[in-house]
Amino acid sequence: TLFLDSILSCEVADTKTEVKWYKDGKLLTSSRTVHAELKGKSRQLVIDSVEKKDAGEYICESGSEKLVFRMHVAVRREVKAILSHKASLSCEVSDSKTEVKWYKDGKLLTSSRTVHAELKGKSRQLVIDSVEMKDAGEYICESGSEKLVFRMHVAGKEGGFFRIMILPIGCSLVSVKSDTSFHTSFFRGPISLLKQGVSPEGSESHSLA
């Protein structure tokens, strides 16, 4: 489970207007983790505790009007590295010719004496030859609009056989295709897509169908 809530939002002209929500062409109904909310003229679809299966195409429909969202769900991996040891981060691509970019704490990484990238078939690796405390932080493997996020922790003592531990926790990437202007955010907390940057106030839950 990815411990993260995601909110998709579309605006209507009248506060009494009802909308229907679809995922991958199928009408959505209220469930334990998915429900709709009304906030003034805003109609929201709320997904509690986002999971990989929640990725897909969402449609907010009112009569002949539609707003389409494309949601991508990524996993942030927790990596434990040992001081002075070698560590590598790896992400897979669908094509062996695909190039990726690596970032650390938001800054593009370039090859250095201790850090370099490697290609192994469809695997793209970032290799740190001798881990230092300053190497701790957030790393991103990026290819186009796709991202894989790592959080590296550096331990001072080996404490036995060295292993890289990977634990999935919340991180979501949401992109939108629409003729209407929307803002897209990349958070570790709740994600909201807000029309014209305005967050509506007052919330009322209702059944999807």
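Residue numbers (our numbering): 1103 to 1311.
A virtual CB, placed ideally from N, CA and C, is assigned to each residue, including glycine.
Just so you know, these numbers come straight off a predicted model, no measurement behind them.
Check: Do the CB positions of Val1233 and Leu1185 come within less than 8 Å of each other?
Finding: As a position in the sequence shown, residue 1233 is number 131, starting the count at 1. As a position in the sequence shown, residue 1185 is number 83, starting the count at 1. Yes, they are a contact pair.
Check: Within 10 angstroms of its Cβ, does Lys1249 collect 16 or more other Cβ (buried), or is it exposed?
Finding: On the sequence shown, residue 1249 is found 147 positions in, with the first residue counted as 1. It is buried - the Cβ of Lys1249 has at least 16 other Cβ atoms within 10 Å.
Check: Expressed to the nearest angstrom, what Euclidean distance is found between the alpha-carbon atoms of Gly1246 and Ala1176?
Finding: If you number the sequence shown from 1, residue 1246 lands on position 144. If you number the sequence shown from 1, residue 1176 lands on position 74. So the two alpha carbons sit approximately 14 Å from each other.
Check: Can you give the Cα-Cα distance for Glu1113 and Phe1171, rounded to whole angstroms?
Finding: Translated into positions along the sequence shown, residue 1113 becomes position 11. Translated into positions along the sequence shown, residue 1171 becomes position 69. Approximately 13 Å between the Cα atoms of the pair.
Margin query: Classify Ser1225: buried if its beta carbon has 16 or more other beta carbons within 10 angstroms, exposed otherwise.
Written below: In the sequence shown, residue 1225 corresponds to position 123, counting from 1. Label assigned to Ser1225: exposed.
Check: How about the segment 1158 to 1166 and the segment 1206 to 1220: do they share at least three Cβ pairs that are nearer than 8 Å?
Finding: no
Checklist line | Cβ-based neighbour list, Phe1252, same chain, cut-off 6 Å, excluding 5 preceding and 5 following | finding: In the sequence shown, residue 1252 corresponds to position 150, counting from 1. Counting only Cβ-Cβ distances below 6 Å, and skipping sequence neighbours, we find Arg1179, Val1181, Leu1191, Tyr1241.
Check: Within the 8 Å Cβ cut-off, does Ser1190 reach chain D?
Finding: Chain labels in this structure do not include chain D; a single protein chain is all it has.
Note to self: On the CB-based measure, 16 or more other CB atoms within 10 Å of its CB, does Ser1166 come out buried or exposed?
What the structure shows: For this step, residue 1166 is matched to residue 64 along the sequence shown. Looking at its Cβ environment, which holds fewer than 16 other Cβ atoms inside 10 Å, Ser1166 is exposed.
Next item on the list: Go to Glu1153, then tell me how far its beta strand (DSSP E) extends in each direction, as first and last residue.
Entry: Indexing the sequence shown from 1 puts residue 1153 at position 51. It is not in any beta strand (DSSP E) - Glu1153 carries neither H nor E in the DSSP assignment.
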